[in-house]
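Engineer:
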Amino acid sequence: MSTPVESFGALSAWSSMGIAARVILVVLVAFAGLLFFIVLERFLAYRRAERPAGASRSLRFDLHRHLHTLAAIKVTAPLLGLLGTLLGLINGFAGMAMTGVFDPHALGTGVAEALIMTVLGLVIGLPAWWAHSFFSAWSERILARAA
Numbered sequence: 421m422s423t424p425v426e427s428f429g430a431l432s433a434w435s436s437m438g439i440a441a442r443v444i445l446v447v448l449v450a451f452a453g454l455l456f457f458i459v460l461e462r463f464l465a466y467r468r469a470e471r472p473a474g475a476s477r478s479l480r481f482d483l484h485r486h487l488h489t490l491a492a493i494k495v496t497a498p499l500l501g502l503l504g505t506l507l508g509l510i511n512g513f514a515g516m517a518m519t520g521v522f523d524p525h526a527l528g529t530g531v532a533e534a535l536i537m538t539v540l541g542l543v544i545g546l547p548a549w550w551a552h553s554f555f556s557a558w559s560e561r562i563l564a565r566a567a
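Using the numbering used here, the first residue of the sequence shown is number 421, and each one after it goes up by one.
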């Protein structure tokens, strides 16, 4: 026999989420994919730029490519996580308010939704912040050597 904690999986969390929380979750997952792509692409581009193979058409442009996207992700992901947190808590308490009965399952579902959104926002936002800082500093070192 499974306990309520064991039966609360990804599918039950998804099915208990409101439409706004689902949209936020999908956006955060898209941010994670974009973050992975940009970090990989930037790492390869910077490694190529360090090789003394001559100047490219615009070294500064090549090095700063996608840094604005990383900056947007590093700021937006935690804020979307916070928005999802608030929506999850509202979802949990609104369910109880509508029935007028204290329902620990409804409250637990809303709190779980809130915590999932918080974690996703931070798990995506913090690496984006680190990647943006890392690649900004790396590009400045390359540009200083090229000057």
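Every residue gets a Cβ at the ideal spot worked out from N, C-alpha and C, and that includes glycine.
Please read all numbers here as calculations on a predicted model, not as lab measurements.
W558 to Y466, Cα distance in whole Å?
Structural biologist: Straight-line Cα distance between these residues: approximately 8 Å.
Engineer: Measuring alpha carbon to alpha carbon, tell me which residue in L487, L445 and F463 is nearest L502.
Structural biologist: Cα-wise, what sits closest to L502 is L445.
Engineer: Buried or exposed: where does E461 fall if 16 or more other Cβ atoms within 10 Å of its Cβ makes it buried?
Structural biologist: Exposed is the call here.
Engineer: With distance defined between alpha-carbon atoms, name the residue in V521, R485 and S478 nearest to A567.
Structural biologist: Residue S478 is the option with its Cα nearest to A567.
Engineer: Among residues of its own chain, excluding the 5 on either side of S553, which ones have a beta-carbon nearer than 8 Å to its beta-carbon?
Structural biologist: For S553, where only same-chain residues beyond five positions count, there are no Cβ hits under 8 Å.
Engineer: Buried or exposed for M518, please, with buried defined as at least 16 other CB atoms from any protein chain shown within 10 angstroms of its CB.
Structural biologist: When all chains shown are included, M518 counts as exposed.
Engineer: Does DSSP put S422 in a helix, in a strand, or in coil?
Structural biologist: With a pLDDT of 49 at S422, under the threshold of 50, the modelled position of that residue is not reliable, and the figure given next carries that caveat. Note: S422 maps to coil in three-state DSSP.
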